[in-house]
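J.: Numbering (my numbering), first residue to last: 4 to 586. Before anything else, here's the structure in question.
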Ligand code: AMP
């Protein structure tokens, strides 16, 4: 079939950019290209240019005639193409069947393998224009290679022949690899195009001016990772970030730019916080500046309201979101506040240490009350309109209410088993505060997962017509879930308390092995925590009912929840687990 011995007859199915370029290079190394299929005008033009004199054939003819079949069709077309050709009996013993789709290993080629062919997956980690300039780019380009063990040397040799640098990937890592590469390359194109779009709106500016800076940043990021970060977010320069957002809001016709700016600046701030480049307060200011436009300037204090009557007067007809807290505010609360600002035009934060939800012997008296500091941190967010901080007498003028809500059986397990009446008291005050603030949405933390589930249940069961939004747990850099009660912990207790979050992380890591393994992994961490940690419960439950998951729901999401007393302080934590279930 080929003119010179030892050379292969190569057939290209789908002469897209990659297929045409790879076939061109293989031809250059002495192989014969026996045919190429391509339906679009662009493919035919590429065949004429990069593969002159190669006949354009039907797909089936290409496969029948080739010793090496190069499948370079769009990702989603690959599986049906391979099964279709196999069903028609077109693959044969010993034939090399190669695809170049990033997300697949060789499993997608199983029908060809079953027919005796040798499946190979090679993905050039390079972008192609479909012209001759691509050929130089192939030299030294990394290629992701997946092949069954015996066939791996063939795949490696093929990549080396193409001028590439093979990187062997297991089948299961392909999608993750491809997601990372697409994020780095394709989304970078979007990012630069968006920035060019903004520059193009300024008279007399050539958008190409971003080239040297963008190239230097790319170079820095590739070689030094997060350490290459510079700019206002990394400096905690919230005022500048707020102005950026304002300027981009004004830029009509480019809404995707604003959304990307916000999402990436948020991710940048969070990474800077995690890697220690930013500390809590400036990071929090930056995050608020991102979400806060247009309500008010960062630093403008919210209005403090003490009485029910003043609250009624202060509420406006705007869409309103409420965050209910007991004060001693920390980053966990502020995440809820920022979420509220995304959900509504008017944001109300309530601060009330509700006696009804504390049992005898609990920490009602010593619970931290830090109203001035709370108002200051809320002011820094720049998104809070009203803070409703009533006294106990204002909330319960007739003393303890005689009519209260009952959480029912869902409130008697986990936290409810250890704190009888806690959830009745919680629901009663939440219900009351919902009536007083009349919000469209209310944001609660996943940190108190049982509370969140009960509030959702109450709103559904009683048709209360308010959207309940859950917000993920905010943690300290070392993993401890943020809590107003963390201030009670002595230094050794603070260290011991890490057992809770580590137990949750161990449970999450064991998810693939099933619910039994999740509980064992978490339990092992708690058992090793030492005498300061006294576990109250560790349980895997259905997150909406707080009961053991039904067998038939085994594959659904479950919640791993823990409560423990560390020293004298009761702490809770939880994690959502995606278990495959135990059949
Ligand atoms: P608290 O002031 O403790 O009653 O909490 C008020 C709200 O903040 C509740 O919805 C909590 O779930 C939420 N919250 C408290 N701590 C955190 C945290 N670390 N992450 C997320 N939300 C939290």
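Glycine included, C-beta positions come from ideal geometry on N, C-alpha and C.
Should residue 524 go down as buried or exposed, given a rule of 16 or more other Cβ atoms within 10 Å for buried?
T.: Counting of Cβ neighbours within 10 angstroms places residue 524 among the buried residues, the total reaching 16 or more.
J.: Beta carbon of residue 569, beta carbon of residue 535: below 8 Å?
T.: With respect to the 8 Å criterion, residue 569 and residue 535 are classified as neighbours on the basis of their beta carbons.
J.: What does the Cβ neighbour count give for residue 4, buried or exposed, with the cut at 16 atoms within 10 Å?
T.: Reliability fails at residue 4, whose pLDDT of 46 lies under 50, so the model's placement of it is uncertain and no value is given.
J.: Could you say which of 42, 14, 580 and 328 lies nearest to residue 448 if we only look at CA atoms?
T.: The residue from 42, 14, 580 and 328 with its alpha-carbon nearest to that of residue 448 is 328.
J.: Tell me the residue span of the alpha helix (DSSP H) that contains residue 63.
T.: 62-68
J.: Thinking C-alpha only, which one of 489, 106, 70 and 112 is nearest residue 88?
T.: 112
J.: Within the present structure, is the beta-carbon of residue 102 separated from the nearest heavy atom of the ligand AMP by less than 7 Å?
T.: The answer is no for residue 102.
J.: Under 7 Å from any heavy atom of the ligand AMP, does the C-beta of residue 146 make it?
T.: Answer for residue 146: no, Cβ out of range of the ligand AMP.
J.: From this set, 537, 477, 134 and 530, which residue's C-alpha is nearest residue 578's C-alpha?
T.: 477
J.: Count the other CB atoms, across all protein chains shown, that sit within 10 Å of the CB of residue 560; report buried if there are 16 or more and exposed otherwise.
T.: Residue 560 comes out exposed.
J.: Quick check on this structure: which residue in 501, 59, 550 and 26 has the alpha carbon closest to the alpha carbon of residue 531?
T.: It is 501 whose Cα lies nearest to the Cα of residue 531.
J.: In three-state terms, what does DSSP make of residue 56?
T.: Residue state, collapsed to three classes: coil.
J.: Give the straight-line distance between the Cα atoms of residue 325 and residue 435, rounded to the nearest whole angstrom.
T.: 13 Å
J.: Would residue 98 be called buried (16 or more neighbouring beta carbons within 10 Å of its own) or exposed?
T.: buried
J.: Among 44, 304 and 52, which residue has its Cα nearest to the Cα of residue 388?
T.: 304
J.: Kindly list the residues whose CB is nearer than 7 Å to the CB of residue 358, restricted to its own chain and excluding five residues on each side of it in sequence; keep chain order.
T.: Closer than 7 Å at the Cβ level, and outside the excluded window around residue 358, lie 367 and 395.
J.: On a CA-only basis, which of 274, 260, 249 and 201 is nearest residue 237? Give me that one, please.
T.: 274
J.: Could you spell out where the beta strand (DSSP E) holding residue 581 opens and where it closes?
T.: Start and end: 572-581.
J.: Which whole-angstrom value is the C-beta distance of residue 280 and residue 392, which I expect to be below 8 Å?
T.: With a Cβ gap of about 35 Å, residue 280 and residue 392 do not count as contacting.
J.: With C-beta atoms as the reference, is residue 386 less than 8 Å away from residue 294?
T.: yes
J.: Cα separation between residue 342 and residue 472?
T.: 9 Å
J.: Check residue 129 in the structure and name its three-state DSSP category.
T.: coil
J.: Please find out if some non-hydrogen atom of the ligand AMP comes closer than 7 Å to the beta-carbon of residue 195.
T.: no
J.: Give me the residue from 66, 493, 276 and 189 with the minimum Cα distance to residue 230.
T.: Comparing Cα positions, the closest option is 276.
J.: In three-state DSSP terms, what is residue 510?
T.: Assignment of residue 510 by DSSP, reduced to helix, strand and coil, places it in the helix class.
J.: Taking the alpha carbon of residue 468 as the point to measure from, which residue in 198, 225 and 444 has its own alpha carbon closest?
T.: Among 198, 225 and 444, the Cα nearest to that of residue 468 is on 444.
J.: Buried or exposed: which applies to residue 454, given that a residue is buried once 16 or more other Cβ atoms fall within 10 Å of its Cβ?
T.: buried
J.: For residue 296, which residues in the same chain have their Cβ closer than 7 Å to its Cβ, ignoring the five residues on either side in sequence?
T.: The predicted model places residue 296 with a pLDDT of 49, which falls under 50 and marks its position as unreliable; any figure quoted below should be read in that light. Closer than 7 Å at the Cβ level, and outside the excluded window around residue 296, lie 245, 248, 249 and 252.
J.: Taking 8 Å as the threshold (C-beta atoms), are residue 109 and residue 90 in contact?
T.: For residue 90 and residue 109, no; Cβs fall outside 8 Å.
J.: Which residues mark the beginning and the end of the beta strand (DSSP E) in which residue 157 is found?
T.: From DSSP, residue 157 is part of no beta strand (DSSP E) but of the alpha helix (DSSP H) over 155-164.
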